[in-house]
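Residue numbers (the numbering used here): -2 to 285.
Positions of the beta carbon are idealized from the N, C-alpha and C atoms, including for glycine.
Predicted model, so just to flag it, every value in this text is computed and none were measured.
Laid out in structure tokens, this is it:
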């Protein structure tokens, strides 16, 4: 087993607020990867914009930080270029379900072999507390002064409908349980969503650590391959909300394995000799 400290970056300046649930999730990620025997060179962390999206800046591993809401498209491309890497896309509920909602939907359809960790605090933390796609009805902010009127986005149900092959939910406050769920998500062959309840101590005084502890429970004896039961659990409007693997389906082809580039050669693209002559001929033909 790898030492979790192998992923530490000493001397960094963390910008998260004291008590933020992101600290606990970061710790769970490091421990999960270490227990899987993975090292910094085996992992690529991909993110967009937001407090959760800063996670790759705070751990030693490959990382790609792109545009707001674009983490999943970048993660899919990285996995396609080198399927041997463990690719983890991280971001908040705004980044993944709001700005990145279109990518969220179509990444699930493609089923790339990536892990998608969403830190769901039901508020925009980076931009000072506006309502997010998952904010509950009635939630008041400095912008939504009369409370949120829209139905909150349901990531678990949306993922199931689009055919996600691994759907799970965790709570940042349950560090060991979150670690185990992340381990299973990384091991899964295909797209894996882990929606992680994460308290925002600065801008969400409703969904606190206590609120999540009082309104969640750990699944036991659940048939993870029962789609109907998974949808029933996902559609719950009020707590208690289940934590654990909601749904899992094995044996579905993954995106990178369907690419023509790997039909006769399973080497990642960077290990192949560039066909310079063919490239020159192609460029010459395009030049007219």
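Cβ-based neighbour list, residue i, same chain, cut-off 6 Å, excluding 5 preceding and 5 following
i: residue 44; result: 50, 53, 62, 68, 87 and 88
i: residue 131; result: 90, 117, 119, 149 and 150
i: residue 82; result: 41
i: residue 190; result: 113, 156, 161 and 164
C-beta atoms of residue i and residue j nearer than 8 Å
i: residue 252; j: residue 108; result: yes
i: residue 153; j: residue 166; result: yes
i: residue 240; j: residue 174; result: yes
i: residue 196; j: residue 169; result: yes
i: residue 19; j: residue 13; result: yes
i: residue 31; j: residue 10; result: no
i: residue 74; j: residue 111; result: no
i: residue 92; j: residue 66; result: yes
i: residue 56; j: residue 34; result: no
i: residue 288; j: residue 172; result: No statement about residue 288 is possible, as the shown extent of the chain runs from -2 to 285 and does not include it.
i: residue 104; j: residue 188; result: yes
i: residue 238; j: residue 213; result: yes
i: residue 106; j: residue 144; result: no
i: residue 29; j: residue 180; result: yes
i: residue 100; j: residue 70; result: yes
i: residue 221; j: residue 184; result: no
i: residue 16; j: residue 198; result: yes
i: residue 207; j: residue 25; result: no
Beta strand (DSSP E) segment containing residue i, residue limits
i: residue 164; result: 163 to 168
Cutoff 7 Å; reference residue i; Cβ partners in own chain excluding five residues on either side
i: residue 283; result: none
i: residue 243; result: 153, 164, 165, 166, 227, 230 and 231
i: residue 192; result: 115, 117, 152, 153 and 166
i: residue 216; result: 239, 240 and 241
Reduced DSSP secondary structure (H/G/I, E/B, other) of residue i
i: residue 214; result: strand
i: residue 116; result: strand
i: residue 251; result: coil
i: residue 284; result: coil
i: residue 259; result: helix
i: residue 271; result: coil
i: residue 243; result: strand
i: residue 92; result: helix
i: residue 5; result: coil
i: residue 192; result: strand
Extent of the continuous alpha helix (DSSP H) run through residue i
i: residue 138; result: Element bounds for residue 138: n/a, residue is neither H nor E.
i: residue 108; result: That residue, residue 108, is in no alpha helix (DSSP H); it is neither H nor E in DSSP.
Own chain partners of residue i with C-beta closer than 8 Å, once the 5 adjacent residues on each side are dropped
i: residue 269; result: 262
i: residue 139; result: 125, 126 and 127
i: residue 23; result: 52, 55 and 56
i: residue 259; result: 80 and 253
Cβ-heavy atom distance, residue i to the ligand MG, below 7 Å
i: residue 78; result: Ligands in the displayed structure: none, and consequently the ligand MG is not present.
Could you give the uninterrupted runs of the alpha helix (DSSP H) lying entirely in the segment 29 to 90, keeping only those of 4 residues or more?
68 to 78
Counting only runs of 4+ residues fully inside the segment 140 to 189, write out the alpha helix (DSSP H) ranges in chain order.
152 to 158 and 172 to 184
Which whole runs of the alpha helix (DSSP H) in the segment 194 to 239 are 4 residues long or more, in chain order?
206 to 211 and 224 to 231
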